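Protein chains: 2
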Amino acid sequence: MTIGQYASDTAKWLDPELGSVFSDEQKEDITVKAALYSLNAGGKRIRPLMMRMTAGMIGCSDEKMADVLYYAATLEMIHTYSLIHDDLPAMDNDDLRRGKPTCHKVFGEGIATLAGDLLLNTACERLFKIALSKPEYLYASYYMCKNAGLDGMVGGQSIDLDSEGKTIGLDLLYELQRKKTGALIESAVVTPYYLIKGLDEKQANEDITAGLLRKLAGHIGLAFQIRDDILDVLSDPSILGKNTGKDERDSKATFVTLLGLDGAQDKLSGEIKAAYEVLSALEKAGYDTNGYKVLTDYLEKRDS
Amino acid sequence: MTIGQYASDTAKWLDPELGSVFSDEQKEDITVKAALYSLNAGGKRIRPLMMRMTAGMIGCSDEKMADVLYYAATLEMIHTYSLIHDDLPAMDNDDLRRGKPTCHKVFGEGIATLAGDLLLNTACERLFKIALSKPEYLYASYYMCKNAGLDGMVGGQSIDLDSEGKTIGLDLLYELQRKKTGALIESAVVTPYYLIKGLDEKQANEDITAGLLRKLAGHIGLAFQIRDDILDVLSDPSILGKNTGKDERDSKATFVTLLGLDGAQDKLSGEIKAAYEVLSALEKAGYDTNGYKVLTDYLEKRDS
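So the protein lines, in turn, are chains B and E.
Take the first sequence: its position 247, counted from the start at 1, is 246 in numbering that gives the first Met the number 0, and no numbers get skipped.
Take the second sequence: its position 304, counted from the start at 1, is 303 in numbering that gives the first Met the number 0, and no numbers get skipped.
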């Protein structure tokens, strides 16, 4: 299968679940409309795709797969809230996202801010709700919530905002990206395994496969980000669906601004190679890694 | 005891817990600094005070009281995030809160937006974390999260933003306030009971005392809001700690703009009377309602 086939299967799988997050009555609410506008604005669904790959790799009953889908929609809500807030004028000030006007451009800044709050809060409600009927998922729910917070995405965004106009070193850039984009990618790669195995915190930390998946997530998360930085320089806005050349205009520290284009390309190759090494360990342990190999190749070469 | 004594006891009880939410290392982060600035900006701590009153009313072991404190700090974090976002220029555009410059005035809008996100996410992490070691609290945690969302605070704020510049009726104003301010007050009044009794959803819905507490919360929540609307007209900014006369300038629908000052005062008296009726039912059931009587009298007459 090609990455395009995986992506279209993921969209078909995910979209009905996203459509059912809010009731018809709730969909009359202006903030729900704004949240759904961004949730359905044609994202790549790369995190849900990773969740399917992990589930496919380790094998998964239909019942568990329905729960993976529930968590995939939840993670996509968290990701979308972060995009809505990041795009605000006070943050990255982006007018265009995935080729469409950003949420605040359509609904205004007040509603957009609240739509982000709504998505985060609803995501957390969902994480609690499923644990009420399936207590064995409680740690997986906590893990997804925590990766969105100070130890993860919010912490990374904080370093990012705090670094504006400052010179930062490679170590801080690593920490920034590990948290800002890496943490949700870790949620995507690892949570399905926690769910399917019903792992608690101690088990999750001791399990060898879980450790390999966290390592894999680290490498593909970095590969994703480095390629993003490269695309900001090389790509065409009409292909990328957002404005390019922004990092340089905003004097943002990226892997390209710190290492140069060739240096960033080398770093990307290194992460891809490291991801392949983890995949080979997973293969030796008996797992089917074909999906992740297609994904890894895509992350190295994607042009949007 | 006077309300002032209750308030100062609440502050002494709550402040160390709020101080320990973030580690010393985390406190170096700019967004954590912004969150703590608002969290420590001298709020009335009315919700934590209510939580103490409920715990005192039904009786509570020291161990359970430590958990009530944990939830009280968590609820105060949710309340504070909502204030930070509400104060943003794109929402209510307030420069002054509790007599101090608002979060975005000190830290900028980007960091203030993120500080709100941080407080909400950290609150949810805390709600999960305690349920990991005490699964009997899972419903209480879900309940506190849900009351902050579309069925509660965020839903109320959405109606509020959507009503700007429109004429709304009393029914919609009730719904707005029941959700926007009422839902967190319900969390404050009711959650300690759920915790202390370890109630699940079914038990919480069937329990007679829980039903009375939800009713009490409804009346004191409305009383709180109506008095707020009256104070916006009558009070002095130096006493209130925020700007006054704002509702009229913003053409906001409030109990005063819809009912007039006398009508709002009548409505307030009605809610106070209804609250006393619930308290008398609780007293008949053997509970000590002295604390809530002092609070109810305060809500009727407070001038800040």
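Each residue gets a CB set at the ideal place from its N, CA and C atoms; glycine is no exception.
Owing to the predicted nature of the structure, the values given are computational and were not obtained by experimental measurement.
DSSP places E/Arg97 outside both helix and strand once states are collapsed to three, so it counts as coil. A residue is called buried when at least 16 other Cβ atoms come within 10 angstroms of its Cβ; B/Ala122 meets this threshold and is buried.
Residues of the same chain with a CB within less than 8 angstroms of the CB of B/Tyr138, apart from the 5 flanking positions on each side, are Tyr193, Leu198, Asp199, Glu200 and Ala203 in chain order.
Counting only runs of 4+ residues, the alpha helix (DSSP H) found wholly inside the region 34-101 of chain B occupies 45-57 and 61-85, in chain order.
Measuring C-alpha to C-alpha distances from B/Thr253 to each of B/His84, B/Met56, B/Arg96 and B/Thr166 identifies B/Thr166 as the nearest. For E/Gln156, the nearest beta carbon of chain B is closer than 9 angstroms to its own beta carbon.
Non-local beta-carbon contacts of B/Ala34 in its own chain, meaning distances under 7 angstroms to residues more than five positions away in sequence, involve Ala114, Leu117 and Leu118 in chain order. For E/Lys128, the enclosing alpha helix (DSSP H) covers residues Glu108 to Ser132. One finds Leu160 in chain E with Cβ atoms closer than 7 angstroms to the Cβ of B/Ile110, taken in chain order. Taking a C-beta cut-off of 8 angstroms against chain B, the contacting residues of the region 21-46 of chain E are Phe21, Gln25, Asp28, Ile29, Thr30 and Val31, listed in chain order.
Fully contained in the region 172-256 of chain E are the following alpha helix (DSSP H) runs of length 4 or more, in chain order: 182-196, 200-205, 207-233, 236-239 and 245-248. The residues Cys123 and Leu126, in chain order, have a CB closer than 7 angstroms to that of B/Cys144 in the same chain once the five nearest residues on each side in sequence are set aside. B/Lys165 carries a coil assignment under DSSP once its states are collapsed to helix, strand and coil.
Residues of chain E whose Cβ lies closer than 8 angstroms to the Cβ of B/Glu124 are, in chain order, Tyr141, Cys144, Lys145 and Gly148.
Inter-residue distance for E/Pro47 and E/Ser22 is about 22 angstroms (C-alpha atoms, whole angstroms). Burial check for E/Gln224: the Cβ neighbour count within 10 Å reaches 16 or more, so the residue is buried. Comparing alpha-carbon positions, the option among B/Ile77, B/Thr256, B/Gly164 and B/Asp228 lying closest to B/Ser186 turns out to be B/Ile77. In its chain, beyond the 5 residues on either side, Gly155, Gly217, Gly220 and Leu221 have a beta carbon closer than 8 angstroms to the beta carbon of E/Arg177.
B/Gly285 sits in coil when the DSSP states are folded into three classes, being neither helix nor strand.
B/Lys145: member of the alpha helix (DSSP H) spanning Leu137 to Asn146, first to last residue. In its chain, beyond the 5 residues on either side, Asp85 have a beta carbon closer than 6 angstroms to the beta carbon of B/Asp91. In terms of Cβ geometry, E/Ser234 and E/Asp296 do not form a close pair [threshold 9 angstroms]. With respect to chain E, the C-beta atom of B/Asp116 has a partner C-beta closer than 9 angstroms. For E/Lys272, the nearest beta carbon of chain B is not closer than 9 angstroms to its own beta carbon. If you draw a straight line from the Cα of B/Leu13 to the Cα of B/Leu175, it comes to about 29 angstroms. Distance from E/Ile158 to E/Leu171 at the Cβ level is roughly 7 angstroms; contact confirmed, criterion being Cβ atoms closer than 8 angstroms. Measuring C-alpha to C-alpha distances from B/Gly181 to each of B/Gly148, B/Glu24, B/Thr53 and B/Leu87 identifies B/Gly148 as the nearest. The region 275-293 of chain E and the region 0-10 of chain E touch, with three or more beta-carbon pairs separated by less than 8 angstroms.
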